[in-house]
Amino acid sequence: MAKQDQVVTLAAEELGGIMRQVAALHLQAAELLGNIRGIARAEHGKRKKGTAVSSLTDTELESVLSERIDVEDVRALMFLATATENVREDFREKMISLETVKLIAAAAPKVRAEALHVLARNRRLYPSDVKEIAKRIDLDPTSEWQQSERSRLTHLETLKDERLFSVKRGVDRLGVAFARFHDKFMRDDEGLVTLIETKTEAYKRAYNEVIARARSVLPEIEALFCQPTGTEATTPEVRKLGFAIAAVQRLARGGFAHNAGRGVVHSSEVVALGHALAYIGNAGAPPNEKRRAKHLKVLELCAGAGGMSIGLIGAGYEHAALFERNQDKVDTLRRNWPTWGVEKTDIRKISDARLRQYAGIDLLAAGLPCGPVNRPRGIPTCSSGCLTSSKS
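Its first residue numbered -14, the sequence shown is counted upward by one per residue in the working numbering.
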C-alpha cells in the first residue's frame, strides 16, 4: 500500500472513531435528558400534589431547556431518550448523525416509523433518506379535494375564533350594563329585590340599554352555541351553557326587573343571571362538525406497473392492496412504492374469503387484462375505447 493510501486509511479510521464518540456522546446526552425528565416530573408532582396536574409535561421541560440549548437539539435528544433500546442501539452502532435524528424527531408519525424501519434493515440512514421517505409518503396521497377540505375547515376555525371574540366582547358589555342597572336601581332586602326610581328617565335608559345589549349579542350567541336539547343537555357544562343562553334570551325579552312576570324579583335570580353572563363570556367555542378528510380505500386488480395506481392516489385514494401476476411489474411496484401492499397473484385464484377481507372499501378498480396487439383468444379487446368480442 502506498504511503499516501496508508495516510488516508489511518485518517479514515480516526475519523470513524471520532464519529463513534460523537454518536456515543449524543446517546449519553439523551440518557441524561431522560434522567432530568424523570426527576422534573417527580419534583413537579410533589409540588402539585393534591391537584389535577401531577407531572411536568415534555413541552414545559422543552421550554425550560431551550433557554440554554437549541430547541431542535432538545427535541432530537428527547426522541432518543424516549426511544426503545433497539432504536438506540441502531443509532449507536450505525453512527447516525444528529441532523438525521433531528429530521426523524420532527417527522410525522408515519414518516418516522418508515425511517426507523429502513434504519433497522440497512447499515446507514442519511438526512437525504429521511427527506425522500417524507416526500414519498406525502405523495400517498393528498388530493385536491382533501386540500380544499382542509382549507375550508381552517377558514371555519378562523371565523369561529372571530365570532367567539365578538361574542365575548358583546357579553362583557351586556354584563357591565346589567351590573350598572342592578347597582343603581335594585336593592336587596332579605332575599327580595326592591326596585327604585322606576319612573325616572334614568331607569328607563338603563333598562333599555340592557335589552339592547342582549338583543345585539343574542344572534351571535345562538349562531355560535347551539341551544342543547334532549340527550345533549346531560353534562354539567352543557347545562350551564344552556342556562346561560336562556338568560341572555330573557334579558333580550326584557323579562327582568319590573317586567319579570312576578310582583317581586328574588335576589338569587339576579345573581344567577350575573353568573350566566360570566359563564358565557368565558366559555370556549364548540368544535365544528367536521367531515374527516380521510383517504378513500381502493382495491386494485391487474395493477400493472402502477400507471392507473398513480392516477388513483392523485384522486385521493389509498390502496388497501394491489394484485398483479407479472413478476416484472410486481417488482416495479414494490421498488417505486414500498409502502403499498403489493401481492403477486393471479386474480382468478383469489378466494372469496380473501376478497371478503376488503369489505368496506370505497372502490374496486382493475386494469382490463387485454390489449390491441397481444391478447388471448376469446378475450375482448378494449382498443379504440370500445369493447368488442374477438369472435365477432
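No residue lacks a Cβ here, since even glycine has one placed at the ideal position from N, Cα and C.
Can you tell me where the beta strand (DSSP E) holding residue i begins and where it ends?
i    : result
F308 : Y302 to E309
L281 : L281 to L286
L65  : L65 -> not in any beta strand (DSSP E); alpha helix (DSSP H) instead, spanning V56 to T67.
Which whole-angstrom value describes the C-beta separation of residue i and residue j, a residue pair presumed to lie in contact below a C-beta threshold of 8 angstroms?
i    : j    : result
E328 : A306 : 6 angstroms
R148 : E207 : About 11 angstroms separates the two Cβ atoms, so there is no contact after all.
E78  : V59  : That pair is no contact at about 24 angstroms.
A100 : I118 : 5 angstroms
L337 : R310 : Residue 337 is actually Asp in this sequence, not Leu. That belief does not hold up - the Cβ atoms of D337 and R310 are roughly 19 angstroms apart, past 8 angstroms.
So the alpha helix (DSSP H) residue i belongs to, where does it begin and stop?
i    : result
L50  : D43 to L50
L110 : From DSSP, L110 is part of no alpha helix (DSSP H); its letter is neither H nor E.
R341 : D337 to R341
DSSP on residue i, reduced to helix/strand/coil?
i     : result
K116  : helix
K329  : strand
A263  : helix
H251  : Because the pLDDT at H251 is just 46, under 50, the model does not fix this residue reliably, and the point stays unresolved.
A93   : coil
A290  : coil
S82   : coil
A351  : strand
R53   : coil
A(-4) : helix
G23   : helix
G402  : For the chain, the structure presents residues -14 to 377; residue 402 sits outside this window and is missing.
I298  : helix
F241  : coil
G2    : helix
I122  : helix
I364  : The predicted position of I364 is uncertain, since its pLDDT is 46 and thus under 50; a value taken from the coordinates is nonetheless stated next. Looking at I364 - three-state DSSP - the assignment turns out to be coil, as it is neither helix nor strand.
G345  : coil
K87   : helix
How about residue i and residue j: are their beta carbons less than 9 angstroms apart?
i    : j    : result
K116 : L88  : yes
E194 : F166 : yes
M348 : L286 : For the sequence presented, residue 348 should be read as Leu rather than Met. Result no, Cβ atoms of L348 and L286 do not sit closer than 9 angstroms.
L65  : H102 : no
T69  : Y111 : no
R198 : L159 : yes
G345 : K314 : no
L209 : V152 : yes
M63  : A8   : no
A242 : L203 : no
L50  : L18  : yes
K282 : E303 : yes
G239 : S201 : no
Y393 : A229 : Only positions -14 to 377 of the chain appear in this structure, which leaves residue 393 out of reach.
G291 : T317 : yes
A237 : I295 : no
A162 : I122 : no
V72  : L104 : yes
R106 : I81  : no
D43  : R22  : yes
> Can you give, in chain order, each stretch of the beta strand (DSSP E) that sits fully within the segment 160 to 215 and has at least 3 residues?
Replying inline: 171 to 174 and 177 to 180
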